[in-house]
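Per our numbering, the very first residue in the sequence shown carries number 1; after that it's consecutive.
Even glycine gets a Cβ: it sits at the ideal position worked out from N, Cα and C.
Accompanying notes for the structure given below.
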Amino acid sequence: MFSEVETRVFFDELEEKIQCLSDNILILERDGGSRQAVQEIFRAAHTIKGSSAVMGFEKIASLTHEMENVFQEIRSGKLSVSKALIDLLLQSVDALIALEEEAKGGELQVNVDLLAEKIKSFYTEETTALPASALPDRVLHRVEISDIEEDVIREAAVKGYSAYRVFIGIDPGCQMKSVRAFMVFEELKRLGEIIKCVPSAEDIQEGCFEAGFELIIISGEEAGQINNLVSNVAEVSSVVVEPVQVNDIDGETAKEKEDSGAEKVELSERKAAQTIRIDVEKLDILMNLVGELVIDRTRLDRFAEVFTGRFGSSDLIDNLNEISVHLGQVAGDLQEQVMKARMLPVAYLFNRFPRMVRDLSQKLGKEVDIIIEGQETELDRNLIEVIGDPLIHLIRNAIDHGIEDPEERVKAGKPPSGTIILKASYREGQIIITIQDDGKGMDPGYLRHLAVEKGVLSAEEAGRLSDREALELIFRPGFSTAAAVSDLSGRGVGMDIVRNQIEQINGMVELETTPGRGCTVIIMLPLTLAIIRALMITLRDQIYAVPLTNVLEIIKSAEIKRIKNSEVIIVRGQVLSLIRLAEFFECPVLPDNSGYVIILGMGDKKLGVMVDNVLGEQEVVIKSLGEYLGRVAGLSGATILGDGRVALIIDVRSLVKEFGLEDSVYAAS
Numbered sequence: 001m002f003s004e005v006e007t008r009v010f011f012d013e014l015e016e017k018i019q020c021l022s023d024n025i026l027i028l029e030r031d032g033g034s035r036q037a038v039q040e041i042f043r044a045a046h047t048i049k050g051s052s053a054v055m056g057f058e059k060i061a062s063l064t065h066e067m068e069n070v071f072q073e074i075r076s077g078k079l080s081v082s083k084a085l086i087d088l089l090l091q092s093v094d095a096l097i098a099l100e101e102e103a104k105g106g107e108l109q110v111n112v113d114l115l116a117e118k119i120k121s122f123y124t125e126e127t128t129a130l131p132a133s134a135l136p137d138r139v140l141h142r143v144e145i146s147d148i149e150e151d152v153i154r155e156a157a158v159k160g161y162s163a164y165r166v167f168i169g170i171d172p173g174c175q176m177k178s179v180r181a182f183m184v185f186e187e188l189k190r191l192g193e194i195i196k197c198v199p200s201a202e203d204i205q206e207g208c209f210e211a212g213f214e215l216i217i218i219s220g221e222e223a224g225q226i227n228n229l230v231s232n233v234a235e236v237s238s239v240v241v242e243p244v245q246v247n248d249i250d251g252e253t254a255k256e257k258e259d260s261g262a263e264k265v266e267l268s269e270r271k272a273a274q275t276i277r278i279d280v281e282k283l284d285i286l287m288n289l290v291g292e293l294v295i296d297r298t299r300l301d302r303f304a305e306v307f308t309g310r311f312g313s314s315d316l317i318d319n320l321n322e323i324s325v326h327l328g329q330v331a332g333d334l335q336e337q338v339m340k341a342r343m344l345p346v347a348y349l350f351n352r353f354p355r356m357v358r359d360l361s362q363k364l365g366k367e368v369d370i371i372i373e374g375q376e377t378e379l380d381r382n383l384i385e386v387i388g389d390p391l392i393h394l395i396r397n398a399i400d401h402g403i404e405d406p407e408e409r410v411k412a413g414k415p416p417s418g419t420i421i422l423k424a425s426y427r428e429g430q431i432i433i434t435i436q437d438d439g440k441g442m443d444p445g446y447l448r449h450l451a452v453e454k455g456v457l458s459a460e461e462a463g464r465l466s467d468r469e470a471l472e473l474i475f476r477p478g479f480s481t482a483a484a485v486s487d488l489s490g491r492g493v494g495m496d497i498v499r500n501q502i503e504q505i506n507g508m509v510e511l512e513t514t515p516g517r518g519c520t521v522i523i524m525l526p527l528t529l530a531i532i533r534a535l536m537i538t539l540r541d542q543i544y545a546v547p548l549t550n551v552l553e554i555i556k557s558a559e560i561k562r563i564k565n566s567e568v569i570i571v572r573g574q575v576l577s578l579i580r581l582a583e584f585f586e587c588p589v590l591p592d593n594s595g596y597v598i599i600l601g602m603g604d605k606k607l608g609v610m611v612d613n614v615l616g617e618q619e620v621v622i623k624s625l626g627e628y629l630g631r632v633a634g635l636s637g638a639t640i641l642g643d644g645r646v647a648l649i650i651d652v653r654s655l656v657k658e659f660g661l662e663d664s665v666y667a668a669s
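Structure follows, in structure tokens:
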């Protein structure tokens, strides 16, 4: 029976290998037989087959066994890659995903036998790869050969067989060492007879080894074949195959052999991955503790400042300041490293889309290529989980609504195959994700017409919309440009969901389009949801925090005017709406206009906010307001200050969305 940790590691690895299969099968389809892709697929299938057999998931092992056979035929040049084969292999990947859910306790049932028979029909000669398993490790020791074993080796040599010492190193971070070792044993049994191992087979089965293990095998194969077979087992970090010579049997030690210049045959050694798997919940707990440390660091800074101001300089106070500074540096470094540990490359998310694009384009009878850029860009894993669904909506929309049919594209002077570019990059402390297509784009005039036709706006209201405002119509609930409802789109439940989900994590969505040439959706996201830089401001006796990414400018005094019962300010010839934050939060209002105006912005909208005072910048840890308070207008959370007081965090998104004006409408006359 396997532990919970081993089971979780198995499923984590299974997901990685299934993704590897999917990615490389698509590469195989595109490149028409990439040797590297074939090798990657073979290794992934081999690993899944072995580990799933050990864990007792025979359906998964059986299916990947047949997939491995196919790719053995491709590797040997006996089978060519065809569209029918690619389709069947992708069906097999889908089946593996379903089998994974079934293995986790789901009720999905997959007919593996039928699928396996279809795969078998593609090759004429079955390979002999067998399901594998694995075992654990200990420090390597030189195998000592007894008289009985010496006789066995001599007798085998007479019959034309060779004896080899095989040293197997296991990745130090491997959490399924027993499984890996058993897989090695099973592979070697295909090539010969293992006559001895160190540690003992029983110890290996119990996981009683550390760096790896050593064995002696008698085989009719060459050393290279043994090396290649063992090297294909996942998380085997190094393999050294050393022929057992007559001199070894006659008593020459390993040291004497080395000194005499005898060559050791080391055919493969892969660098061990210095990584371990960590439960996400543990990272979340660690991040929360780091947040508390950041709060206490701020409090200590405050106390050091108060002590210096009250008692002046002394050795004790100087030591306190030194400790405060050092703690601040350590806390900052710890915070940075924990945040990095929570980061994942967006490739983790982006890699699923080539398959999705292929399936959707074939279903719609279109030709669509997807180009992915910036896969190494890292993003907080919590954000990756949130943006997955919005990106699926956007890519489906691009294929369904944006990319034209091949005939229509040719008539428009375009290549028959459309292109979607999915890109991630950093810009000014934010993650920028763009989804660009070269389809027909969107016509603001058509959107105005559609809004009137659907009863969303009157003809007069639609006529007053700028082109940019007309584009914003697609984010309204229930507004769809599809001519007919399909299982892909047309119900008007996509773009409003996309914007809401992105804005809930303090992100923004912008749209750029050129009719006839294509459309680009730009998503701007914060690097993390846990800790932010904020501008600290005051309203009467209360301190508030404003996310610094939304602060455009701070003005000490501004010219305030009234337009249609609303206050505005004029900044360098531009008119901005003004709200008094004290009035918004129903605080006592001062009689004059003294204070500061902070210019806030999100996307194309800007807003002036009047506050009493500006205290400066500070790093704050975001805390939820909790279920008791729930959603409070104008607030997105809270933080704890250095003196223990609570500061409320301003919800810039809701304020700018409700009161802000767009660039196109705030030029002063």
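Pairwise C-alpha distance: Ala462 and His449: Reading the sequence shown from its first residue, position 449 is the one you call residue 449. Reading the sequence shown from its first residue, position 462 is the one you call residue 462. So the two alpha carbons sit approximately 8 angstroms from each other.
Cα-Cα separation between Ile640 and Gly291, rounded to whole angstroms: Translated into positions along the sequence shown, residue 640 becomes position 640. Translated into positions along the sequence shown, residue 291 becomes position 291. Spanning the two alpha carbons is a distance of roughly 10 angstroms.
Whole runs of the alpha helix (DSSP H) within the region 180-216, excluding any shorter than 4 residues: If we require 4 residues or more, the alpha helix (DSSP H) runs fully inside the region 180-216 come out as 201-205.
C-alpha distance - Ala234 paired with Ala534, whole-angstrom precision: Along the sequence shown, read from residue 1 onward, the residue named residue 234 stands at position 234. Along the sequence shown, read from residue 1 onward, the residue named residue 534 stands at position 534. Between Ala234 and Ala534, the C-alpha separation is close to 46 angstroms.
Element boundaries [alpha helix (DSSP H), containing Pro345]: Here residue 345 corresponds to residue number 345 of the sequence shown, with the count starting at 1. Going by DSSP, Pro345 is part of no alpha helix (DSSP H) but of the beta strand (DSSP E) stretching over 343-345.
Cβ pair Ile570, Lys561 closer than 8 angstroms: Counted from its first residue, the sequence shown places residue 570 at position 570. Counted from its first residue, the sequence shown places residue 561 at position 561. Ile570 is a Cβ neighbour of Lys561, given a cutoff of 8 angstroms.
Contact set for Val568: own chain, Cβ-Cβ below 7 angstroms, skip 5 residues either direction: Counted from its first residue, the sequence shown places residue 568 at position 568. Scanning its chain for C-beta atoms nearer than 7 angstroms, with the 5 sequence neighbours on each side dropped, one finds around Val568 the residues Lys561, Val575, Leu576, Ser577, Leu578, in chain order.
Residue burial classification, Lys606 (beta-carbon count within 10 angstroms, cutoff 16): Counting from 1 along the sequence shown, the entry for residue 606 is found at position 606. Answer is buried; the Cβ neighbour count reaches 16.
Option nearest Thr308 by Cα separation, candidates Leu447, Leu320, Arg297, Arg299: By 1-based counting over the sequence shown, the position of residue 308 is 308. For the residues Leu447, Leu320, Arg297, Arg299, the minimum Cα distance to Thr308 belongs to Leu320.
Bridge partner(s) assigned by DSSP for Tyr596: Indexing the sequence shown from 1 puts residue 596 at position 596. Partner(s): Val611.
Thr47 burial status per 10 Å Cβ neighbour count (16 or more: buried): Looking up residue 47 in the sequence shown gives position 47. Counting Cβ neighbours within 10 Å, Thr47 comes out buried, since at least 16 surround it.
The alpha helix (DSSP H) enclosing Arg154, as first and last residue numbers: As a working mapping, residue 154 is identified with position 154 in the sequence shown. Segment 147-158, the alpha helix (DSSP H) holding Arg154.
Check whether Asp438 and Gly418 have beta carbons under 8 angstroms apart: For this step, residue 438 is matched to residue 438 along the sequence shown. For this step, residue 418 is matched to residue 418 along the sequence shown. A distance below 8 angstroms separates the beta carbons of Asp438 and Gly418.
Residue range of the unbroken alpha helix (DSSP H) whose run includes Ala234: Within the sequence shown, numbered from 1, the residue matching residue 234 stands at position 234. From DSSP, Ala234 is part of no alpha helix (DSSP H); its letter is neither H nor E.
Spatially closest choice to Leu63 from Arg75, Leu79, Asp94, by CA coordinates: Residue 63 sits at position 63 when you count from the first residue of the sequence shown. Of the listed residues, the one whose Cα sits closest to Leu63 is Asp94.
CB of Ile403 within 8 angstroms of CB of Val368, strictly: Here residue 403 corresponds to residue number 403 of the sequence shown, with the count starting at 1. Here residue 368 corresponds to residue number 368 of the sequence shown, with the count starting at 1. Judged by beta-carbon spacing, Val368 lies within the 8 angstroms limit of Ile403, meaning their Cβ atoms are closer than that value.
Where Gly616 falls: helix, strand or coil (DSSP): Numbered from its first residue, the sequence shown carries residue 616 at position 616. In the structure shown, Gly616 falls within a strand segment according to DSSP collapsed to helix, strand and coil.
Beta-carbon proximity check, Leu85 vs Phe42, cutoff 8 angstroms: Sequence index remark: in the sequence shown, residue 85 carries index 85 (1-based). Sequence index remark: in the sequence shown, residue 42 carries index 42 (1-based). No; because the gap between Cβ atoms is not below 8 angstroms, this pair is not in contact.
Distance CB(Leu473)-CB(Val456) smaller than 8 angstroms: In the sequence shown, residue 473 corresponds to position 473, counting from 1. In the sequence shown, residue 456 corresponds to position 456, counting from 1. Cβ atoms of Leu473 and Val456: closer than 8 angstroms.
Three-state secondary structure assigned by DSSP to Tyr348: Position 348 of the sequence shown, counting from 1, holds the residue named residue 348. Three-state DSSP puts Tyr348 in a helix.
Residue of Phe57, Val621, Ile216 minimising C-alpha distance to Gly105: Along the sequence shown, one-based indexing puts residue 105 at 105. Among Phe57, Val621, Ile216, the Cα nearest to that of Gly105 is on Phe57.
At least 3 beta-carbon pairs within less than 8 angstroms: the region 184-199 vs the region 146-161: Touching, per the Cβ criterion.
Cα-Cα separation, Asn613 to Gln504: Within the sequence shown, the letter at position 613 stands for residue 613. Within the sequence shown, the letter at position 504 stands for residue 504. Rounded to the nearest angstrom, the two C-alpha atoms are 28 angstroms apart.
When Ser425, Ser566, Glu553 are compared against Ile523, the one with the closest alpha-carbon: For the purposes of this step, residue 523 is taken as residue 523 along the sequence shown, with counting starting at 1. Nearest C-alpha to Ile523 among Ser425, Ser566, Glu553: Ser425.
For Leu672, the residue or residues it bridges with in DSSP: Lying before the first or after the last residue shown, residue 672 is absent from the chain, which here runs from 1 to 669.
Short Cβ contact (8 angstroms threshold) for Glu214 with Phe182: Here residue 214 is taken as the residue at index 214 of the sequence shown, counted from 1. Here residue 182 is taken as the residue at index 182 of the sequence shown, counted from 1. No.
Integer-rounded CB distance, given that Ile531 should sit under 8 angstroms from Val621: Position 621 of the sequence shown, counted from the first residue, corresponds to residue 621. Position 531 of the sequence shown, counted from the first residue, corresponds to residue 531. The beta-carbon separation of Val621 and Ile531, rounded to 5 angstroms, stays under the 8 angstroms limit for a contact.
6 angstroms Cβ shell around Val110 - same chain, five flanking residues per side excluded: Within the sequence shown, numbered from 1, the residue matching residue 110 stands at position 110. Cβ neighbours of Val110 beyond the five flanking positions: Ala95, Ala98, Leu99.
Cutoff 6 angstroms; reference Val139; Cβ partners in own chain excluding five residues on either side: Counting from one through the sequence shown, the residue named residue 139 turns up at place 139. With a pLDDT of 35 at Val139, under the threshold of 50, the modelled position of this residue cannot be trusted, and the question is left open.
Rounded C-alpha distance that separates Leu360 from Lys366: As a first step, residue 360 is located in the sequence shown; it is residue number 360 there, counting from the start. As a first step, residue 366 is located in the sequence shown; it is residue number 366 there, counting from the start. Using only the alpha carbons, I get a separation of about 8 angstroms.
Inter-residue spacing [alpha-carbon to alpha-carbon] between Glu281 and Lys118: Along the sequence shown, one-based indexing puts residue 281 at 281. Along the sequence shown, one-based indexing puts residue 118 at 118. Each residue's alpha carbon lies about 42 angstroms from the other.
Ala304 CB to nearest heavy atom of the ligand ADP below 7 angstroms: Among the ligands in the structure shown, none appear at all, so the ligand ADP cannot be discussed.
Inter-residue Cα distance where the pair is Asp151 and Arg165: The residue labelled residue 151 in the question sits at position 151 within the sequence shown. The residue labelled residue 165 in the question sits at position 165 within the sequence shown. Spanning the two alpha carbons is a distance of roughly 16 angstroms.
CA nearest to the CA of Leu293, picked from Ser324, Ile278, Gln91: The residue given as residue 293 occupies position 293 in the sequence shown. When only C-alpha atoms are compared, the closest one is Ser324.
Secondary structure of Thr514, DSSP reduced to three states: As a first step, residue 514 is located in the sequence shown; it is residue number 514 there, counting from the start. In the structure shown, Thr514 falls within a strand segment according to DSSP collapsed to helix, strand and coil.
Asp437 - DSSP class collapsed to helix/strand/coil: By one-based count along the sequence shown, residue 437 stands at place 437. In this structure, Asp437 counts as strand in the three-state DSSP scheme.
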